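Here's the structure, in structure tokens; my notes come after.
Residue numbers (my numbering): 582 to 847.
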């Protein structure tokens with residue numbers, strides 16, 4: 582199994598890796614992907630700026646560019662994500678492993694922070710990450726918390742959940758808080774009903790969790806949030822990663838923790 586971001590991206594491009602990416606390239610930043618027409622790009626950027634907790638911007642490419650010059654120079658966003666989702670007028674139409682024939686000079690690509698980025702730090706501090714232990718995708722839920730609207734974009738916040746012993750919740754919060762560009766500290770720990778979630782076993786994205794005795798669910802804002810906003814906005818064409826199937830950058834986790842602003846534009 583390749584271990585460097587460049588080698589993992591090459592394996593993805595060759596079809597050798599098609600699954601979810603949690604646990605791959607430990608120590609390197611993983612990112613959510615959104616590609617949409619230039620006409621909708623400003624509204625989307627404003628939506629991200631107004632909702633930084635679920636939508637932290639890492640990098641933005643120039644229209645027609647598919648290589649993020651800060652996050653992964655020379656990479657190809659069209660072929661180096663394990664699974665893409667194609668949305669047309671707000672509807673999920675298909676999943677692909679290559680979107681070259683759909684990408685155009687009119688499209689703007691956004692990389693948004695992902696909580697997979699801080700999982701190595703959690704493990705290093707003795708906080709269990711159950712979905713990595715089990716080889717599954719992280720459980721994700723649509724909450725009842727509405728994001729601040731911007732232009733054509735609005736929608737509920739999606740959250741990811743990691744169960745852990747109650748005595749480690751404060752540790753998890755301290756470890757993840759510096760990763761502001763990867764959703765930072767949790768938004769809630771404990772009763773899922775506080776987020777409008779009725780049944781933890783009925784996930785909206787990812788795989789159902791496994792909670793053990795003495796554990797509590799801990800929730801972080803999630804970068805799948807834009808996919809809910811896209812459903813309402815109904816742009817002509819939007820391409821995203823499939824939940825849990827992230828783009829792996831060349832950035833070290835600690836670089837993202839220290840970055841006060843997006844690293845620039847491609």
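Every residue, glycine too, gets a C-beta built ideally from N, C-alpha and C.
Keep in mind the model is a prediction, meaning the values are calculated, not measured.
Compare the Cα-Cα distances from residue i to each of the options and report the closest residue.
i	options	result
residue 785	719, 656 and 702	719
residue 831	671, 649, 616 and 632	649
residue 664	594, 836 and 722	594
residue 838	742, 668 and 698	698
residue 597	656, 603, 608 and 582	582
residue 637	702, 816, 696 and 781	696
residue 601	822, 835, 833 and 757	822
residue 759	702, 794 and 743	702
residue 634	826, 807 and 827	807
residue 655	743, 704 and 591	591
residue 643	616, 704, 667 and 669	616
Are the CB atoms of residue i and residue j nearer to each other than 7 Å?
i	j	result
residue 771	residue 725	no
residue 747	residue 768	no
residue 708	residue 753	yes
residue 611	residue 820	no
residue 692	residue 652	yes
residue 809	residue 737	yes
residue 739	residue 721	yes
residue 671	residue 793	no
residue 647	residue 659	yes
I believe residue i touches residue j by the beta-carbon criterion, under 8 Å. Please report the beta-carbon distance rounded to the nearest angstrom.
i	j	result
residue 589	residue 605	6 Å
residue 799	residue 824	That pair is no contact at about 19 Å.
residue 717	residue 756	Actually they are not in contact, since the Cβ atoms of residue 717 and residue 756 sit about 21 Å apart, beyond 8 Å.
residue 817	residue 618	6 Å
residue 609	residue 833	6 Å
residue 814	residue 734	5 Å
residue 676	residue 603	The Cβ separation is near 18 Å, so there is no contact.
When you compare the CB of residue i with every CB in chain B, is at least one pair closer than 7 Å?
i	result
residue 637	The structure shown has no chain B; it contains just one protein chain.
Check whether the region 671-684 touches the region 723-737, taking contact to mean three or more Cβ pairs, one atom from each stretch, closer than 8 Å. no
Extract the residue ranges of the alpha helix (DSSP H) inside the region 656-741, only unbroken runs of 4 or more that lie entirely within it. 700-705 and 711-715
Below 8 Å, can you find three or more Cβ-Cβ pairs linking the region 779-794 to the region 608-625? no
Which runs of the beta strand (DSSP E), 3 residues or longer, sit entirely within the region 767-793? none
For the structure I just gave you, are there three or more beta carbon pairs, one from the region 750-766 and one from the region 657-674, closer than 8 Å? no
At least three beta-carbon pairs within less than 8 Å, the region 684-691 to the region 706-714: no
Report the residue ranges of all beta strand (DSSP E) runs contained in full by the region 809-845; include only those spanning at least 3 residues, in chain order. 819-822 and 828-833
What alpha helix (DSSP H) runs, 4 residues minimum, are completely inside the region 582-623? 586-595
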